[in-house]
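Quick note on numbering: the sequence shown equals residues 55 to 412 in this note's numbering.
Below is one structure; the comments refer to it alone.
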Amino acid sequence: MTILSSALSPSLPAAGDAGHAAELLARCRTLVRPALAEAVGRLHPWVGEMAAYSFGWCEPGGAPVSGPAGGKGLRQALAVLGAEAAGAPRDAGVTAAVAVELVHTFSLLHDDIMDGDPTRRGRPTAWKAYGTGPAVLAGDALFALAVRTLAATPGTDIPSAVRHLSTALDDLVRGQADDLLFETRPWTGPGAVRPDEYRAMAEHKTGALLGCAAALGAVLAGAPAGTVATLDRAGRHLGVAFQVVDDLLGIWGDPAVTGKPVHADLLRGKKTFPVLAALGTPAAGPLARLLDSGGPLDEAAARHAAVLVEESGGREAAVAEADRHIAAVHACLADLAPAPRTTDDLRALLDFLVRREW
């Protein structure tokens, strides 16, 4: 069981409709997969193989995977459902989903290299399987393919769509840069990372692409600017909640479920919201002394730091932070006032995103 199954506040939707969310994800993957595969098929064969490996479709060398292929397709689903909420035709949602999924996978390829992560979803990352240079090349190719996908879509507002995607990419790069720079800053004192800086980083690094996913289908369909802005704002709030939940799972999640080593962020000195919130409390003295003791933490110190973060209120504060942003997402959905079924679908996906166990 993850921490969020019991720790999220009662104001959030109840966990328990995972079946509905799973059906939504499966439906959206079925809609998007043919178009995504067709797009990847336009790449150089070797680059296309690396892309297919990154999507979870094949093994190194191109052999099909023996088990389930690929991830859950959360951004794909958000793109399809966002388009439906805006009254856009299905093709607009699928095109948006393809473009966003290509960009997301491009960002993961480069993220894994920057972070030195050897595994993702229980498999070697692309740079481990193919080498750093080839993985960078595959990421670049996916980025170019995303722009090409939008530019080749007939009968749509292509300039606005490309502009929207480009804005999200610019924000993503800014957020990633801040996230990397945060690791070089001290835990305490004048140069310490403030919670409001974290929120801005999370909105850019994670929220920008989720906002783009939610709104891009509406942009392609020529939806009113207010509808586009509301969907984008909902996705950005969702991104902050998503990143905070990721931080929580990084400290207290089960590696067998999340696929990530426990305490990896603490071992790296990564500035996550639970730690930053804990350091701002009156009880933060022991935690601050541990983190400021010099040098990276070993595994025993990281375990102790996790206990101190919780005792100092960091875990509770992070859950409350996610709660606030999810409430903001629900307010955006209320302003949008889509059809009831679409609202239910978006809420089910939202619940799954913040209560995820991978």
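Even glycine gets a Cβ: it sits at the ideal position worked out from N, Cα and C.
Taken in chain order, the complete alpha helix (DSSP H) segments of 4 residues or longer contained in the stretch 111-147 are 128-139. Bounds of the alpha helix (DSSP H) holding residue 263 are 262-274. One alpha carbon belongs to residue 243, the other to residue 253, and they sit about 19 Å apart. Our two residues, residue 106 and residue 183, have alpha carbons roughly 13 Å apart in a direct line.
Residue 351: not part of any alpha helix (DSSP H); DSSP gives it neither H nor E. Apart from the 5 residues on each side of it in sequence, residue 258 sits with its Cβ closer than 6 Å to the Cβ of 225, 228 and 229 in its chain, given in chain order. Scanning its chain for C-beta atoms nearer than 7 Å, with the 5 sequence neighbours on each side dropped, one finds around residue 234 the residues 168, in chain order. Secondary structure at residue 309: helix, using DSSP grouped into helix, strand and coil. Taking the C-beta atoms as reference points, residue 269 is found nearer than 8 Å to residue 285.
The stretch 280-344 is shown to contain whole alpha helix (DSSP H) runs of 4 or more residues at 309-312, 318-322 and 327-333, in chain order. With contacts defined by Cβ atoms closer than 8 Å, residue 271 and residue 136 form a contacting pair.
In the same chain as residue 363, and ignoring 5 residues on each side of it, the C-beta atoms closer than 7 Å to its own belong to 305, 328, 329, 332, 341 and 369, in chain order. With a beta-carbon spacing of about 24 Å, residue 117 and residue 130 fall beyond the 8 Å limit used to define contacts. The DSSP-derived three-state label of residue 177 is strand.
Taking the C-beta atoms as reference points, residue 139 is found no nearer than 8 Å to residue 154. A straight-line Cα-Cα distance of about 10 Å links residue 302 and residue 316. For residue 202, the enclosing alpha helix (DSSP H) has its first and last residue at 186-205. A Cβ-Cβ separation of about 7 Å places residue 289 in contact with residue 266 under the 8 Å criterion.
Counting other Cβ atoms within 10 Å of its Cβ, residue 238 stays below 16 and is therefore classed as exposed. Boundaries of the alpha helix (DSSP H) harbouring residue 232: 212-236, taken from the DSSP string. Annotation: the continuous alpha helix (DSSP H) that includes residue 100 extends over 99-109.
Here residue 275 is not near residue 93, since their CB atoms are 8 Å or more apart. In the three-state reduction of the DSSP assignment, residue 243 falls in the coil class, being assigned neither a helical nor a strand state. Linking residue 173 to residue 407 through their CA atoms gives a straight-line distance of about 21 Å.
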